[in-house]
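Data block below; observations after.
Protein chains: 2
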Amino acid sequence: MVQEAMVELRSQGYKVTRSRRLVMEVLDKVDKPLSPYDIQRLLQQQGESLNHVTIYRTLDLLCRLNLAHHMLLTGGFIRCALSHQGGCHRFMVCRGCGSIREFIDDALCHEESGITRDLGFHTEHHYSESLGLCPDCYRKRLEKDSTYN
Amino acid sequence: MVQEAMVELRSQGYKVTRSRRLVMEVLDKVDKPLSPYDIQRLLQQQGESLNHVTIYRTLDLLCRLNLAHHMLLTGGFIRCALSHQGGCHRFMVCRGCGSIREFIDDALCHEESGITRDLGFHTEHHYSESLGLCPDCYRKRLEKDSTYN
DNA sequence: CAACTAAATGCAACAATGTTGCATTTAGTT
DNA sequence: AACTAAATGCAACATTGTTGCATTTAGTTG
Ligand SMILES: [Mn+2]
Ligand SMILES: [Mn+2]
Ligand SMILES: [Zn+2]
Ligand SMILES: [Zn+2]
Numbered sequence: 798m799v800q801e802a803m804v805e806l807r808s809q810g811y812k813v814t815r816s817r818r819l820v821m822e823v824l825d826k827v828d829k830p831l832s833p834y835d836i837q838r839l840l841q842q843q844g845e846s847l848n849h850v851t852i853y854r855t856l857d858l859l860c861r862l863n864l865a866h867h868m869l870l871t872g873g874f875i876r877c878a879l880s881h882q883g884g885c886h887r888f889m890v891c892r893g894c895g896s897i898r899e900f901i902d903d904a905l906c907h908e909e910s911g912i913t914r915d916l917g918f919h920t921e922h923h924y925s926e927s928l929g930l931c932p933d934c935y936r937k938r939l940e941k942d943s944t945y946n
Numbered sequence: 798m799v800q801e802a803m804v805e806l807r808s809q810g811y812k813v814t815r816s817r818r819l820v821m822e823v824l825d826k827v828d829k830p831l832s833p834y835d836i837q838r839l840l841q842q843q844g845e846s847l848n849h850v851t852i853y854r855t856l857d858l859l860c861r862l863n864l865a866h867h868m869l870l871t872g873g874f875i876r877c878a879l880s881h882q883g884g885c886h887r888f889m890v891c892r893g894c895g896s897i898r899e900f901i902d903d904a905l906c907h908e909e910s911g912i913t914r915d916l917g918f919h920t921e922h923h924y925s926e927s928l929g930l931c932p933d934c935y936r937k938r939l940e941k942d943s944t945y946n
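Protein chains in written order, with this note's numbering: chain A, 798 to 946; chain B, 798 to 946.
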């Protein structure tokens with residue numbers, strides 16, 4: 798919810814402003830990675846105008862507070878879905894609908910750290926994106942395939 | 798080696814050109830992620846001039862052939878170090894010196910796929926970057942720390 | 001509630017990065 | 001040496017990202 802993010806902002810000493818609420822609302826609603834200019838365009842369409850500089854600065858802040866994430870394979874920003882303890886970020890990215898789901902798995906981090914340690918590397922945290930199909934898109938794909946069989 | 802990459806180019810029906818050799822040479826030499834314009838600047842410094850459009854097109858091609866990779870946390874391009882069977886890409890990124898080392902681990906992929914499958918997701922391949930310290934930087938860090946103790 | 005102030009925003013100007021169409025050049029072939 | 005598809009360069013353009021500074025505003029204080 799946007800509400801909780803605003804509480805987090807305030808508790809960290811940042812002001813709750815129109816810009817910050819609007820950006821969070823768009824990210825919440827869309828649930829796909831959005832670039833700063835994407836966000837500006839979407840807001841425009843709903844009659845709200847925000848300077849792109851403000852959007853950049855807002856996204857910077859949201860990411861610093863782990864209220865949003867910068868997706869790397871796809872390049873946009875999404876709403877953070879988990880409460881963050883460690884610094885490891887893992888995502889499933891659906892190549893069908895573009896939706897993204899965040900997850901955490903300590904055992905996996907542990908295994909990955911072990912592998913890199915064996916190669917002499919001292920890992921502090923991980924970033925990973927798994928590319929594939931979400932349940933919906935997988936089902937649709939199966940249906941479509943069976944149509945032609 | 799650049800030589801092998803050129804052989805690969807030719808065997809795939811692409812021409813071996815000055816641009817392609819130069820871009821590969823820079824990537825080989827530097828071993829850190831370089832942006833297209835980084836590459837242009839480095840070449841400039843050694844008296845070689847390449848149009849930035851050509852560099853973009855060259856990097857596109859090298860990536861399509863898995864002769865280079867586009868790094869996501871850091872944003873630049875690096876030389877591919879492994880022969881690619883599957884589509885999974887994993888890297889260790891040193892936050893000390895910026896160097897990058899590529900690795901592959903089937904067991905890890907298997908585990909990660911299992912975790913996402915339990916969440917209803919059908920994973921096709923993975924991309925991950927482990928952030929930490931390479932052996933050299935880790936050693937240096939230890940030495941520096943002991944200086945002040 | 002009115003005054004106050006540090007923080008946030010907007011604006012303008014700029015810098016960097018990335019894309020497209022088309023004329024020219026060139027690698028590899030005949 | 002001639003040929004040709006592929007690659008390059010160039011120009012023009014589009015998009016994305018950054019900085020300094022004047023103005024506005026959220027949250028606080030009296
Ligand atoms: Mn998160
Ligand atoms: Mn590789
Ligand atoms: Zn989907
Ligand atoms: Zn290092």
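Just so you know, even glycine gets a beta-carbon here, dropped at the ideal spot from N, CA and C.
This structure is a prediction, so every number in the text was calculated from the model and none was measured.
For the alpha helix (DSSP H) containing B/L870, name the first residue and the last one. Taken as a continuous stretch (DSSP letters only), B/L870 belongs to no alpha helix (DSSP H), as it is neither H nor E.
Can B/L879 be considered in contact with ligand 2, in the sense that its beta carbon sits closer than 8 Å to one or more heavy atoms? yes
Less than 6 Å between C-beta atoms, sequence neighbours within five positions excluded: which residues of the same chain meet that for B/L806? V813
Less than 8 Å between the CB atoms is what I'm expecting for B/G872 and B/S925, so what's the real figure, rounded? Going by Cβ atoms, the distance from B/G872 to B/S925 rounds to 16 Å, so no, they are not a contact pair.
Amino acids of chain B, ordered along the chain, whose beta-carbon sits closer than 8 Å to that of A/D857: The contacting residues do not exist; A/D857 stays about 16 Å from chain B at best.
Where does the unbroken alpha helix (DSSP H) through B/Y853 begin, and where does it stop? 849-861
Residue interval of the beta strand (DSSP E) (run including A/I897): 897-900
Checking contacts by CB at 9 Å: is A/F874 closer than that to chain B? no
Chain B contacts from the stretch 901-929 of chain A (Cβ-Cβ distance under 7 Å): D902, L905, E908, E909, I912, T913, L916, G917, F918, H919, T920, E921, H922, H923, Y924, S925, E926, S927, L928, G929
From which residue to which residue does the alpha helix (DSSP H) around A/M821 run? 815-827
For B/C894 and chain A, any beta-carbon pair shorter than 9 Å? no
Is A/G893 near ligand 3 - that is, is its Cβ less than 8 Å away from at least one heavy atom of it? yes
From A/L819, A/R892, A/R914, A/H907, pick the residue whose C-alpha is nearest to that of A/C885; which is it? A/H907
Helix, strand or coil, according to DSSP, for A/H886 in the structure here? strand
The alpha helix (DSSP H) spanning A/L930 covers which residue range? Run containing A/L930: none in the alpha helix (DSSP H); it sits in the beta strand (DSSP E), 919-930.
Alpha carbon to alpha carbon, how far is A/N863 from B/A878? 33 Å
In the stretch 929-940 of chain B, which residues sit with their C-beta less than 8 Å from some C-beta in chain A, listed in chain order? G929, L930, C931, P932, Y935
Distance check for A/C891 and A/C934, CA to CA, integer angstroms please. 8 Å
From A/S808, A/D903, A/M803, A/K829, residue whose alpha carbon lies closest to that of A/L819: A/M803
Provide the residue(s) that pair with B/L939 in DSSP beta bridges, ordered along the chain. Paired residues: none, contrary to the question.
So, with DSSP's three-state summary, where would you put B/R914? helix
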